[in-house]
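This report refers to the structure that appears directly beneath it.
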């Protein structure tokens, strides 16, 4: 998941390094750092916005605990979960090929899930259509989820229609 | 410029009408005086080195069903003899497409080139079966080879890429390249009528052929993708390299679901290194490829220009004549005319 935090650091040398160290130690991948020096607090502290990617919730908790232990004040914490979406259509015997199983298989992928599903049932014996929205933490996971869905669709003889811009 | 017409169906007749209509324009604007010295169809041929009267040729053919009925015409399989024997500068190869063997067009084109004649064709068959071979044969024989009309009908897909965008590296070509399927998808979207009903309507209107397999199964689009991959991306692709899905499983309900999410469904051909593909895709409403009716549209992804899209009529004898005539003028210019 992508995590965005704003923390306040004392305006003395070495503070930023102190704050970054636990993030990389617990496997966080820093994507951006923004010093907001112009928004110094009345006590003279500098807000710093950090965006980093981290694999799982437990690691994030460890990072946050380590930061607090070092006296870093965290003023904002937001998960940017579900930052990327993709839409796909499925055509075929969607119910008979166990839609629940299809969704569960997709949800098994960490950081991606089926967030919306619309069904148009065909006449009895005819094929149905489904629109699926996949929400994922990042581009890589959404593409992974789409290729998983393609494999499932191939196996279940469903026609999968993806966006022109996908992959 | 002496011209031979091989194939006198819809396209051959359409081109003839345009040559009549545009005679003075061609002379004044391009200094080009095309003289049709022979016409061939599957039943016979007619030759007149002084130039056939195209108005009379059209009239006679309409009545008798073959160019052989023109004064001095002969019946029989005469294509090879005419292509090789008649003194001409350009051979138009306009016979029907056969995507398995490329014939009879393939042999016609090879014989014309070996006889030192420039070739213009609309025929996808030879291009799909033997693009590289024909391309290098043309070079070896020192003749020009043009095939603008084979992809996109009137839409100058090949010319745009080869001439005006020549400074770019083409990263990807995507397109709606089949008017029949686009018509069917459009009607399903606007009318909510089932696929089979819309297909029948398209057949009655002459938009779809009696046997629509090549169109609706995506094979026609795949042929065009193969041609574009070979001619514009420098690949050595075969039809079998294209991953193909058609539109036969797409019903109005699926299009409705797509629309609710801001998309429509189009049959899209994709050509880039490592991926040749044809299949239905979700296209955002308002996207340059979200064209309706029988229109064709192509988007090039380029290193310098980024994205260029063109759209226009992909079929019809008059529209396709735009490309066929453009090729003739282009050869005329290339040769310093």
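Chains as they are written, first to last, in the working numbering: chain A, 181 to 347; chain B, 8 to 344.
A virtual CB, placed ideally from N, CA and C, is assigned to each residue, including glycine.
Since the structure is predicted, the reported quantities are computational estimates derived from the model, not experimental observations.
- Minimum Cα-Cα distance from residue 229 (chain B) among the listed residues B:148, B:106, B:302 and B:217 corresponds to B:106.
- In this structure, residue 308 (chain A) and residue 316 (chain A) do not form a Cβ contact; the two beta carbons are roughly 25 angstroms apart against a cut-off of 8 angstroms.
- The beta-carbon of residue 287 (chain B) is placed less than 8 angstroms from the nearest beta-carbon of chain A.
- Close to residue 271 (chain A), with beta-carbon spacing below 8 angstroms, are these residues of chain B in chain order: 256, 257, 258 and 261.
- In the three-state DSSP reduction, residue 283 (chain B) falls in the strand class (E or B).
- The residues 187, 189 and 215, in chain order, have a CB closer than 6 angstroms to that of residue 228 (chain A) in the same chain once the five nearest residues on each side in sequence are set aside.
- Per DSSP, the beta-bridge partners of residue 316 (chain A) are A:264 and A:292.
- A straight line joining the alpha-carbon of residue 196 (chain B) with that of residue 271 (chain B) spans about 8 angstroms.
- At a cut-off of 8 angstroms between C-beta atoms, residue 332 (chain A) does not count as an interface residue with respect to chain B.
- Where residue 181 (chain A) is concerned, there is no enclosing beta strand (DSSP E), because DSSP gives it neither an H nor an E.
- For residue 215 (chain A), the enclosing beta strand (DSSP E) stretches over residues 209-215.
- Of the candidates A:324, A:292 and A:273, A:273 places its Cα closest to the Cα of residue 335 (chain A).
- Among the residues facing chain B, residue 185 (chain A) is not included, as its CB has no counterpart in that chain under 8 angstroms away.
- Within 9 angstroms of the CB of residue 267 (chain B), the CB atoms of chain A belong to 298 and 311, in sequence order along the chain.
- When C-alpha distances from residue 331 (chain A) are compared across A:282, A:291, A:243 and A:297, the shortest belongs to A:282.
- Distances from the CA of residue 76 (chain B) to each of B:8, B:94, B:54 and B:86 were compared; the closest alpha carbon is that of B:54.
- Closer than 9 angstroms at the C-beta level to chain A, one finds these residues of the region 161-195 of chain B: 181.
- With contacts defined by Cβ atoms closer than 8 angstroms, residue 324 (chain B) and residue 58 (chain B) do not form a contacting pair.
- For the pair residue 192 (chain A) and residue 270 (chain A), the Cα-to-Cα distance works out to about 57 angstroms.
- The Cβ atoms of residue 80 (chain B) and residue 74 (chain B) sit closer than 8 angstroms to each other.
- Here residue 181 (chain A) is not near residue 258 (chain A), since their CB atoms are 8 angstroms or more apart.
- Residue 310 (chain A) carries a strand assignment under DSSP once its states are collapsed to helix, strand and coil.
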